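Going from the sequence shown to my numbering is simple: count from 1 and add 121.
Since the structure comes first, as structure tokens, the remarks are kept for the end.
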Amino acid sequence: MSFEIERKFLVRERPDLTAAIRSTIRQGYITHPTDAVQMRLRQSNDSYVLTFKSGQGLVRVEREAAITQQQFDTFWPETTGRRIEKTRWRGGLPDELAFELDVFEGALAGLVLVEVEFETEQAAKAFQPPAWFGTDVTEDRRYKNQVMAVNGLPS
């Protein structure tokens, strides 16, 4: 089984992104935030992915499959009212970790989040975030992308 072990934080201040890799992302949710599982379509630059997720918080089941643009376009209309757009910056952290800094656009403009994925739950819990990271929102459901796609900016 594939698991995603991830922590998510608000960003206190944007780091130097000169060495980071930029991608433009639009994603939409086929399922509603109250559903037990999540089905997501994502376009990142010129690649397309269908993702299944289940569970809450730090550790979740995650499965992904590459799809064609035609397949993406077939299901994209089903995500109306449940979409987000963002620019993602991927860069390195100490201990061979990577960060993904998301700058949201549209209805979520102004929100900036950073995520870090880990190999183990123990490593995630032991992680000491850099000073530019802000509040840990990993367990705060309001900051789940699917919830924000429907409800907008967390209050």
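Cβ coordinates follow ideal geometry from the N, Cα and C atoms, glycine included.
None of these values were measured; they are calculated from a predicted model.
Look up residue i in the DSSP assignment and give the residues it is bridged to.
{"i": "Val-132", "result": "Phe-254"}
{"i": "Ala-219", "result": "Gly-213"}
{"i": "Ile-151", "result": "BP columns for Ile-151 are empty, so no partner."}
{"i": "Phe-173", "result": "Met-160, Arg-184"}
How close, in whole Å, do the beta carbons of residue i and residue j come, if the pair is a contact with beta carbons under 8 Å?
{"i": "Pro-198", "j": "Val-268", "result": "Going by Cβ atoms, the distance from Pro-198 to Val-268 rounds to 21 Å, so no, they are not a contact pair."}
{"i": "Leu-229", "j": "Gly-202", "result": "14 Å between Cβ atoms; not a contact."}
{"i": "Glu-236", "j": "Arg-128", "result": "7 Å"}
Ignore the nearest five residues each way along the sequence and tell me which others in residue i's own chain have a CB closer than 8 Å to its CB.
{"i": "Glu-242", "result": "Ile-126, Leu-179, Val-180"}
Determine whether the beta carbon atoms of residue i and residue j lie at a separation below 8 Å.
{"i": "Gln-138", "j": "Gly-212", "result": "Per the sequence presented here, residue 138 reads as Leu, with Gln not at that position. Cβ distance < 8 Å, so Leu-138 and Gly-212 count as in contact."}
{"i": "Phe-130", "j": "Val-258", "result": "yes"}
{"i": "Val-132", "j": "Leu-218", "result": "no"}
{"i": "Arg-184", "j": "Ser-123", "result": "yes"}
Near residue i, what residues of its chain come up, given a Cβ to Cβ distance below 7 Å and the 5 sequence neighbours on each side ignored?
{"i": "Thr-189", "result": "Tyr-169"}
{"i": "Gly-176", "result": "Val-182"}
Sorted by chain position, which residues of the same chain lie with C-beta nearer than 6 Å to residue i's C-beta, five sequence neighbours on each side aside?
{"i": "Ile-146", "result": "Ser-165, Lys-207, Arg-209"}
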